[in-house]
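Asker: At position 235 of the sequence shown (counting the first as 1) the number is 235 in the UniProt record's numbering, and the numbers step up by one without a gap. Beta carbons: idealized from backbone N, C-alpha and C, even for Gly. It should be emphasised that the depicted structure is a prediction, and the values quoted were computed from it without experimental measurement.
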Amino acid sequence: MTVQRQIMQIHLPEYKQLKQPDAHGMVALAPPPPSPLAMSGRMAVALALFFSVYALGWLGEGLRERQLALLREQRFDAVLGQLRVRLQAQLSPGRPLVANPQAQALLEEGAARVPELLALEVVSTRGLSLFSSDRGLRGQTIPPAWLDAMTRAPGGWQVTRQDERSAGVPLDCGGGAPGFLVLTYRVGGDPGDNAYGLAVGMAAAALALLQSGWRARRRRAAQRDELARLDLAAPTVSVFGAAARELVVARLALAELDQQGRRLGDGGP
1 MTVQRQIMQI HLPEYKQLKQ PDAHGMVALA PPPPSPLAMS GRMAVALALF FSVYALGWLG
61 EGLRERQLAL LREQRFDAVL GQLRVRLQAQ LSPGRPLVAN PQAQALLEEG AARVPELLAL
121 EVVSTRGLSL FSSDRGLRGQ TIPPAWLDAM TRAPGGWQVT RQDERSAGVP LDCGGGAPGF
181 LVLTYRVGGD PGDNAYGLAV GMAAAALALL QSGWRARRRR AAQRDELARL DLAAPTVSVF
241 GAAARELVVA RLALAELDQQ GRRLGDGGP
């Protein structure tokens with residue numbers, strides 16, 4: 001067995017982690033593959049950071065929506081108060097609400113100034129819609145929940161049905177409240193919907209990050225396999241290059257000197 005093969009056998013584990021020597025006999029260490037524990041740690045940190053940013057964005061969006069809803073309700077209250085003052089100025093004791101000639105025009109004018117409103121109505125305590133910005137509702141029976149609210153809170157009430165909210169204030173002409181002014185608008189979604197959306201978004205983000213990490217690991221594994229295949233297909237050389245060759249030359253020189261010494265000792269030429 002040659003010295004070169006002995007050196008390669010002794011240093012075979014190191015050779016598997018080294019690149020082939022270049023023209024100057026120099027070799028470079030191949031970077032060690034990342035450990036699974038380190039990869040899992042980096043993935044956990046990435047997921048935690050992403051979820052933190054996502055949660056902060058969701059909280060900020062929820063706060064903005066609540067502020068917008070509050071401003072909208074304040075605007076609706078202002079419209080309701082102003083329209084109530086104008087309607088009550090035209091009322092007189094003993095005069096029925098249905099005989100007010102300006103009520104319909106005032107309701108339509110108020111609804112036109114606030115497009116977000118679904119309807120503005122003047123309703124009687126008997127449960128009929130006397131005037132409405134939506135003319136198709138005139139003469140219709142009001143929802144039973146409104147009648148219950150009038151009885152329980154004659155000074156003002158609110159009723160929410162599905163995605164609609166109605167607010168009513170009494171119209172008092174000095175002889176009691178013959179009816180109510182009612183404003184109806186559409187409310188936002190349930191806060192639980194936002195929580196559900198957050199959960200779905202976080203789950204989707206987690207799956208996307210895990211899939212990205214899995215693909216990255218597959219690419220790295222394929223690269224390592226390709227490098228190993230190229231190393232096995234390369235010609236067998238010593239990782240010590242010139243040093244191994246010098247050692248072989250030295251041993252040959254010593255063997256030649258030993259033979260010459262023996263011939264001289266035997267008296268040969």
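Can P154 and P170 be called in contact, C-beta distance under 8 Å?
Answerer: Yes; because the gap between Cβ atoms is below 8 Å, this pair is in contact.
Asker: Suppose only complete runs of 4+ residues qualify. What are the alpha helix (DSSP H) ranges in the segment 94-122, listed by chain order?
Answerer: 103-113, all fully within the segment 94-122.
Asker: Need the endpoints of the beta strand (DSSP E) that P170 sits in, please.
Answerer: Its beta strand (DSSP E) spans residues E164 to L171.
Asker: With R161 as the anchor, note down where its beta strand (DSSP E) starts and where it stops.
Answerer: W157 to R161 is the extent of the beta strand (DSSP E) around R161.
Asker: Under the DSSP definition of a beta bridge, which residues are partnered with L183?
Answerer: Answer by DSSP bridge pairing, in chain order: L120 and A167.
Asker: Output the boundary residues of the beta strand (DSSP E) element that contains L130.
Answerer: Counting along the chain, the beta strand (DSSP E) containing L130 begins and ends at S129 to S132.
Asker: Let's see if you can read the secondary structure: which residues bound the alpha helix (DSSP H) around T151?
Answerer: Residues P144 to R152.
Asker: Drop a sphere of 10 angstroms on the beta-carbon of E116, count the other beta-carbons inside from all chains shown, and report buried for 16 or more, exposed for fewer.
Answerer: E116 is exposed by the Cβ-count criterion.
Asker: What's the C-alpha gap between R126 and M150?
Answerer: About 10 Å.
Asker: Count the other C-beta atoms from every protein chain shown that fall within 10 angstroms of the C-beta of E121, then say buried if there are 16 or more, exposed otherwise.
Answerer: E121 is buried by the Cβ-count criterion.
Asker: Taking the CB atoms as reference points, tell me whether G168 and L181 lie closer together than 8 Å.
Answerer: Cβ distance < 8 Å, so G168 and L181 count as in contact.
Asker: Return the CA-CA distance between I142 and G136, expressed in angstroms with no decimal places.
Answerer: Distance between the alpha carbons of I142 and G136: 13 Å.
Asker: How long is the line joining the alpha carbons of A30 and Q67, rounded to whole angstroms?
Answerer: Its pLDDT being 48, under 50, A30 is placed unreliably in this model, and the coordinates cannot settle the point.
Asker: Looking at C-alpha atoms only, which residue of E65, A69 and L63 is the closest neighbour of Y185?
Answerer: Comparing Cα positions, the closest option is A69.
Asker: Between D172, S132, Q140 and L183, which lies nearest to W157 when the distance is taken from Cα to Cα?
Answerer: It is L183.
Asker: Skipping 5 residues on each side, what residues in its chain have a beta carbon closer than 6 Å to that of Q100?
Answerer: The sequence shown places Asn at residue 100, not Gln. The residues are Q90.
Asker: Just confirm the distance between the C-beta atoms of V187 and T160, as a whole number of angstroms; I'd bet it's less than 8 Å.
Answerer: That belief holds up - the Cβ atoms of V187 and T160 are roughly 7 Å apart, short of 8 Å.
Asker: I believe D172 touches Q82 by the beta-carbon criterion, under 8 Å. Please report the beta-carbon distance rounded to the nearest angstrom.
Answerer: At roughly 16 Å, the Cβ-Cβ gap does not stay under 8 Å, so D172 and Q82 are not in contact.
Asker: Please confirm if D77 has its CB atom under 8 Å from at least one CB of chain D.
Answerer: Looking for chain D here will not work: only one protein chain is present.
Asker: Tell me whether G139 is buried or exposed, calling it buried when 16 or more other Cβ atoms sit within 10 Å of its Cβ.
Answerer: The residue in question, G139, is exposed, as its Cβ has fewer than 16 Cβ neighbours within 10 Å.
Asker: Identify which residue in R165, S132, A111 and S166 has its Cα closest to the Cα of residue 326.
Answerer: Since the first and last residues shown for the chain are 1 and 269, residue 326 lies out of range.
Asker: Is the Cβ-Cβ distance between G179 and L107 less than 8 Å?
Answerer: No, the Cβ-Cβ distance between G179 and L107 is not below 8 Å.
Asker: Where A250 and R218 are concerned, what is the direct C-alpha to C-alpha distance, given to the nearest angstrom?
Answerer: Near 48 Å, if we compare the C-alpha coordinates of R218 and A250.
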